[in-house]
Amino acid sequence: MTADASPPTGLSGPPTDALIVGAGPAGLALAAELSARGLSVRVTDPAPHAPFPATYGAWRDDLPGWAQDCAAHTWADVRVYTGPQPTPLLRPYTLLDNAGLRAALLGRAGRGLTLTAARVCGATRTAGGWTVQGTQDGQPARWEARVVIDASGHQPALLRHPDRHPDGAALQTAYGIVATFDRPPSAPGAVVWMDYRTPHGDPPADLRGGATFLYAMHLGGDRYFVEETSLIARPAPTRQDLEARLHARLHAQGTPPREIISDEWVSFPMNTAPPAAGEGSVLAFGAAAGLVHPISGFQVSGALRDAPAVADAIAGALRDGGDPVQAGWDALWPPERRAARAVHLLGVQALLNLPPRALPAFFAAFFALPPARWHAFLDPRTPPGPLARTMLRLFAHAPAHVRLPLARAALRHAGTSLHALNAAARP
Ligand SMILES: Cc1cc2nc3c(=O)[nH]c(=O)nc-3n(C[C@H](O)[C@H](O)[C@H](O)COP(=O)(O)OP(=O)(O)OC[C@H]3O[C@@H](n4cnc5c(N)ncnc54)[C@H](O)[C@@H]3O)c2cc1C
């Protein structure tokens, strides 16, 4: 990493090839790749050296090889409960070591990376690139860069995308704790990816979003991470709802926590439409670019995998005099991926229309699919055709009480369904 040399008059630092807003996993992944290609890169974040705050899980085989070495834990025993008996998923699952991941990303960066403690509030296009405005040490600040990338998370600081959630945001919300327990609150030695059993009773009728499930990891010894999760809902359960439901579950199981070490609140939109690469717009990456998977809520492994291709596109355009914003969008959201998102958003509509009681049966049918099919369905790179075929197969194999609401949802959203399936059918 470089330290800022004396900046030209009026600027808060020397101009750079790229300025990335946000030092989350996505921003740092792209910064590392761009700087490794010889570009000068400034990453601005109010706390650019702070550890990533969230608990990041990923399928191990979704992570690039180098990131597989950044595991805090990897479990071979991964299960779901859609009824009394577990379904083994036979796919190793990793909890990322956030400090290790951050260090690995910085270790992959080239010499031209600068981390700047600043909040960005605006960007204006100029003849040679962009002027970016923000605050640094409580003072107005200004930087120049040839390309600006908004990687500031779920509520982008710069990207304008009025149609981000055309039908309103549908949220994943969850409340989790890391705690010690006298008795195991979930299977020892395992990750429980979804536990739809309800020892704490059916969800109260007034619980927004209905059914919730337990996501749990054994962290070793008497330490577990347990999280009460609402996969996707509009409106979604609140933090108070989920905290109360998690403790009700743990007490009903006879496994109350002995000591709570930390807690976390999860809330982010799942149904983000692909951004339009509008005239004058900055480029975006990570959650800001709508890359959260609409069915799983995962994004981190995808950002780590996408970063090299997006960096190649930006670096190529800067070298050849092309438009780096357009090149970046083309690499990130090619037409096939946009069509795949339309199919996934149809799946979101189906999930939102399922009665809460039908969710366990829906996921029982989902995980009864051949593993290659459900793996592909959860992979953001899967083309629309195979996605649509998997959805039809799931529909055909689901029990009648799941199929009916799915069919109703497809009819209610007939326009979107036809658009998605047409897009999926295109070569
Ligand atoms: C609690 C939680 C748990 C999650 N768990 C998982 C998981 O297990 N697996 C998974 O794949 N995904 C998970 N997600 C979803 C998603 O992948 C994460 O939100 C992920 O952190 C997004 O990465 P990002 O780098 O795009 O944005 P962020 O991690 O949100 O980083 C954005 C950065 O931008 C900075 N910033 C914001 N505004 C400005 C500004 N104006 N100027 C400068 N900097 C700014 C912020 O300080 C922040 O550091 C989770 C989300 C949450 C909230």
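Quick note, the sequence shown lines up with residues 183 to 609 if you use this note's numbering.
For glycine and all other residues, C-beta sits at the position ideal for the given N, C-alpha and C.
So, are the CB atoms of residue i and residue j less than 8 Å apart?
i	j	result
residue 569	residue 532	no
residue 466	residue 341	yes
residue 469	residue 258	no
residue 358	residue 407	yes
residue 332	residue 203	yes
residue 343	residue 450	no
residue 513	residue 495	yes
residue 176	residue 298	Outside the displayed span of the chain (183 to 609) sits residue 176, for which this structure offers no information.
residue 328	residue 304	no
residue 276	residue 356	no
residue 587	residue 537	yes
residue 278	residue 229	no
residue 565	residue 264	no
residue 236	residue 283	no
residue 317	residue 366	no
residue 583	residue 540	yes
Have a look at residue i and residue j and give me their C-alpha separation to the nearest angstrom.
i	j	result
residue 338	residue 272	36 Å
residue 609	residue 351	Because the pLDDT at residue 609 is just 43, under 50, the model does not fix this residue reliably, and the value given afterwards should be weighed accordingly. So the alpha carbons of these two residues sit roughly 31 Å apart.
residue 576	residue 390	26 Å
residue 557	residue 504	36 Å
residue 427	residue 452	22 Å
residue 559	residue 572	7 Å
residue 260	residue 384	25 Å
residue 373	residue 217	36 Å
residue 510	residue 370	44 Å
residue 421	residue 347	22 Å
residue 423	residue 515	36 Å
residue 361	residue 462	48 Å
residue 567	residue 517	13 Å
residue 243	residue 349	33 Å
residue 151	residue 205	An answer regarding residue 151 cannot be provided, because it is not within the stretch 183 to 609 covered by the chain.
residue 472	residue 507	16 Å
residue 231	residue 291	15 Å
residue 500	residue 399	44 Å
residue 268	residue 528	28 Å
residue 238	residue 446	12 Å
residue 325	residue 477	38 Å
residue 525	residue 492	23 Å
Of the residues the options, which one's Cα is nearest the Cα of residue i?
i	options	result
residue 579	554, 547, 266 and 572	547
residue 456	444, 475 and 225	475
residue 376	397, 480, 370 and 237	397
residue 418	441, 388, 442 and 444	388
residue 441	429, 448 and 434	429
residue 323	393, 262 and 190	190
residue 294	215, 255, 268 and 316	215
residue 378	584, 193, 545 and 590	545
residue 402	594, 315 and 256	256
residue 363	301, 416, 433 and 386	433
residue 368	354, 413, 300 and 262	262
Can you tell me whether residue i is helix, strand or coil according to DSSP?
i	result
residue 484	helix
residue 293	coil
residue 498	helix
residue 449	strand
residue 572	helix
residue 273	coil
residue 217	helix
residue 515	coil
residue 423	helix
residue 439	strand
residue 232	coil
residue 278	strand
residue 288	helix
residue 193	coil
residue 507	helix
Segments assigned alpha helix (DSSP H), at least 4 residues, entirely inside the region 244-269
247-250
Would you list, in sequence order, the uninterrupted beta strand (DSSP E) runs of no fewer than 3 residues that lie entirely inside the region 332-417?
353-363, 373-377, 395-402 and 405-415
Output the residue ranges of the alpha helix (DSSP H) runs that lie fully inside the region 517-588 and measure 4 residues or longer, sorted by chain position.
517-535, 541-549, 553-559 and 566-579
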